[in-house]
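Visitor: Just so you know, we're using my numbering here: the sequence shown kicks off at 7 and counts up by one.
We put the beta carbon where it would ideally sit given N, CA and C, even for glycine.
None of the values given here were measured: they were computed from a predicted structure.
Have a look at the structure that comes next, please.
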Amino acid sequence: MAIVQYRTNMQITLSSQQSQILQSLAQQGGYVSLEDAIDTALVLLADEIVQQNSDQTPEYLAWVEQTRLKIEQGIQAAERGDVLDVNEVLTRLRSKVEAARSTSL
């Protein structure tokens, strides 16, 4: 099965504050590019929109509960000293964003 990605070029004008925020996120978050930071921000925005309509999406509520449990497990693991390298975590997150992006097209 081939994955086909459609890209559309769009020009937008950012305020100086928006530009500074993106540049800061790109530098601090270890994003490869501003495009990568924007892609992640858009995925998070889409998630927030779904959350606002969570009464209409029981799947989202189930996801929230699963995420809460995973966070609790992560806290317990960190307390035991069982932690992951930040680069490994960022790589995993970027893979998940890419997978979500490819399935949403």
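So, L28 versus L40, is the Cβ gap smaller than 8 angstroms?
Guide: Taking the sequence shown and counting its residues from 1, one reaches residue 28 at position 22. Taking the sequence shown and counting its residues from 1, one reaches residue 40 at position 34. Yes.
Visitor: Less than 8 angstroms between the C-beta atoms of V38 and V103, yes or no?
Guide: Position 32 of the sequence shown, counted from the first residue, corresponds to residue 38. Position 97 of the sequence shown, counted from the first residue, corresponds to residue 103. In this structure, V103 does not lie closer than 8 angstroms to V38 by Cβ.
Visitor: Rounded to the nearest angstrom, what separates L99 and T46 at their Cα positions?
Guide: Reading the sequence shown from its first residue, position 93 is the one you call residue 99. Reading the sequence shown from its first residue, position 40 is the one you call residue 46. Their backbone Cα atoms lie some 9 angstroms apart in a straight line.
Visitor: Assuming D42 is part of the alpha helix (DSSP H), what are its boundary residues?
Guide: As a position in the sequence shown, residue 42 is number 36, starting the count at 1. Per DSSP, D42 belongs to the alpha helix (DSSP H) from 40 to 58.
Visitor: Given this structure, state the Cα-to-Cα distance separating S30 from A43, to the nearest angstrom.
Guide: For this step, residue 30 is matched to residue 24 along the sequence shown. For this step, residue 43 is matched to residue 37 along the sequence shown. Between S30 and A43, the C-alpha separation is close to 10 angstroms.
Visitor: Rounded to whole angstroms, what is the Cα-Cα separation between V92 and N59?
Guide: Translated into the one-based positions of the sequence shown, residue 92 becomes position 86. Translated into the one-based positions of the sequence shown, residue 59 becomes position 53. Each residue's alpha carbon lies about 32 angstroms from the other.
Visitor: Put S21 into one of helix, strand or coil per three-state DSSP.
Guide: Counting from one through the sequence shown, the residue named residue 21 turns up at place 15. If DSSP states are grouped into helix, strand and coil, S21 belongs with coil.
Visitor: Measuring only the C-alpha atoms, how far is T63 from V70?
Guide: If you number the sequence shown from 1, residue 63 lands on position 57. If you number the sequence shown from 1, residue 70 lands on position 64. Distance between the alpha carbons of T63 and V70: 11 angstroms.
Visitor: Alpha carbon to alpha carbon, what distance is there between Q79 and G87?
Guide: Counted from its first residue, the sequence shown places residue 87 at position 81. Counted from its first residue, the sequence shown places residue 79 at position 73. Going by the C-alpha atoms only, they are around 12 angstroms apart.
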